[in-house]
Each structure stands twice: as structure tokens, then as C-alpha cells.
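Numbering (the numbering used here), first residue to last: 5 to 184.
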Amino acid sequence: LHAEQSAPGRDPFCILKGLGISPTRYRRALAPVQHRHLRVHRDALRFIQRARRRGLELFIATNNSQGRALSKLARAGLAASHGSSDFGVIFCPEITGSLKRSPSYYRALLQQLPYETDAVLMVGDHPREDGTVPRRAGIGQCLRIDRQQQVPVIHRNGIWCVRSLDLAFTLPFFNSTQAR
Numbered sequence: 005l006h007a008e009q010s011a012p013g014r015d016p017f018c019i020l021k022g023l024g025i026s027p028t029r030y031r032r033a034l035a036p037v038q039h040r041h042l043r044v045h046r047d048a049l050r051f052i053q054r055a056r057r058r059g060l061e062l063f064i065a066t067n068n069s070q071g072r073a074l075s076k077l078a079r080a081g082l083a084a085s086h087g088s089s090d091f092g093v094i095f096c097p098e099i100t101g102s103l104k105r106s107p108s109y110y111r112a113l114l115q116q117l118p119y120e121t122d123a124v125l126m127v128g129d130h131p132r133e134d135g136t137v138p139r140r141a142g143i144g145q146c147l148r149i150d151r152q153q154q155v156p157v158i159h160r161n162g163i164w165c166v167r168s169l170d171l172a173f174t175l176p177f178f179n180s181t182q183a184r
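Rendered as C-alpha cells:
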């Protein structure tokens, strides 16, 4: 993970080739470790299913490499090594040229999406990287998950914060004509 974050645009899986290890073998060895250590939040899975049923297009915004993002999605049952049918583009540093801590990451993302900025919703759990930075870059709405917060829903400075993604579809964004 450190290699991914310190060298955006470089896929640490490339080192496997130098070590003579195939990505398939590596992913097979990594799967049990991820199964033990990566938590899959059921409310997130329900959110994705509901969004897909409503016809919403979903994309990933991550600081991970594409390979690492696919591995994490595979742990949740949302991808295979070649891609995901639930998500369009996986926006990662290889594609955006920067990390999520920079507004340029989100500007690059917005340039590649066929939507007005007001129709884009960023969903994540990091206050800055999934909240203030995307808003500053022009993303219309942000939805942050804080499973430890005391109240179910808070709205401040254009950022919705929910205790559970099960509450997301009760928010005004999903009940307006903007949400496609």
C-alpha cells in the first residue's frame, strides 16, 4: 500500500514479473489474507445493489492501483481479476495522475465522466479525500460514511454524512431529478 501511495501511476504488481511470480498466483496467495483482514460492509453492498437497480452508473475513486482495487472488489464479490460488471472506470492514480488528496484527481475524473458536476455524487469514508477535496474540485454532492457518528444523518457544507449507507436513498439527492 505504501508503494502505491508513494508512487502514483506505478502498479506495484509489476514487481511480480521481476520476481517470476504470476499475478494470478499472487492473487491466489493474497485471497485468504484479504478474507481475514478486509471487512465487507453489508450496507455498502446493499447500497451498490440498490443503485444498480435504479440504473445509476457507479465508478470507483481510489488511491490504490487498479490491480489492488480489483483485488479488494473481488473480496466483496464485486469483481474478477479482469474487471467488474458493477462499476465502470476505476479511477486510480494511473488514470488521474494524482492522489485523492489533490483536487486535480477529481478534476481529471470529472473530465472523463459524461455528466454535469451537479449529477455526480462522491461516496466514501474519508472526511477530506471523500468530502472537502471533491467538493472543492467541483463535485456536486458528497456522501460520507461514519459508522461511529452519534446521529444517523448530518449535512454540512454540501457534504452528507450518514451512519449507514442504508440511509442514503432517503436523502434529497436521490429524490431529485439530478440523480440519474
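Ideal placement from N, C-alpha and C gives every residue a C-beta, glycine not left out.
Please classify residue i: is it buried, with 16 or more other beta-carbons within 10 angstroms of its beta-carbon, or exposed?
i: Ala73; result: buried
i: Glu133; result: buried
i: Val137; result: buried
i: Ala7; result: Reliability fails at Ala7, whose pLDDT of 49 lies under 50, so the model's placement of it is uncertain and no value is given.
Is residue i helix, strand or coil when you go by DSSP?
i: Val37; result: helix
i: Leu117; result: coil
i: Gln152; result: coil
i: Arg58; result: coil
i: Gly135; result: helix
i: Ile94; result: strand
i: Leu82; result: coil
i: Gly87; result: strand
i: Leu74; result: helix
i: Gly128; result: strand
i: Leu147; result: strand
i: Ile25; result: coil
i: Arg43; result: coil
i: Arg32; result: helix
i: Thr181; result: With a pLDDT of 46 at Thr181, under the threshold of 50, the modelled position of this residue cannot be trusted; read the value that follows with caution. It is coil, neither helix nor strand.
i: Arg160; result: strand
Just to confirm my understanding: we take residue i, look at its own chain, exclude 5 residues before and 5 after, and list those with CB closer than 8 Å. What are they?
i: Leu125; result: Ile143, Gly144, Gln145, Cys146, Leu147, Phe177, Ala183
i: Ser102; result: Pro12, Ser108, Tyr109, Ala112
i: Pro156; result: Val166, Arg167, Ser168, Leu171
i: Arg50; result: Leu169, Asp170
i: Arg160; result: none
Do the CB positions of residue i and residue j come within less than 8 Å of each other?
i: His62; j: Gly92; result: A small correction: the amino acid at residue 62 is Leu; His does not occupy that position in the sequence shown. Yes.
i: Tyr109; j: Thr100; result: yes
i: Pro107; j: Asn67; result: no
i: Ile52; j: Leu23; result: no
i: Ser75; j: Leu34; result: yes
i: Val44; j: Ala80; result: yes
i: Arg46; j: Phe173; result: no
i: Arg140; j: Asp90; result: no
Can you list, in chain order, the residues of its chain with a C-beta nearer than 6 Å to that of residue i? Leave out the 5 residues immediately preceding and following it.
i: Ser26; result: none
i: Arg94; result: According to the sequence shown, residue 94 is Ile rather than Arg. So the qualifying residues of the chain are Ile64, Gln70, Ala73.
i: Lys104; result: Asn67, Glu133
i: Ser88; result: Leu77, Leu82
i: Leu175; result: Trp164
Spatial neighbours of residue i within its chain, please: C-beta separation below 7 Å, excluding the five flanking residues on both sides.
i: Ala48; result: Leu169
i: Gly135; result: Cys146, Arg148, Ile163
i: His39; result: Arg79
i: Leu42; result: Lys76, Arg79
**Prompt:** If we count Cβ pairs, one from each stretch, closer than 8 Å, do we get three or more for the region 145-159 versus the region 121-135?
**Reply:** With a cut-off of 8 Å, the region 121-135 and the region 145-159 count as touching, because enough Cβ pairs lie within range.
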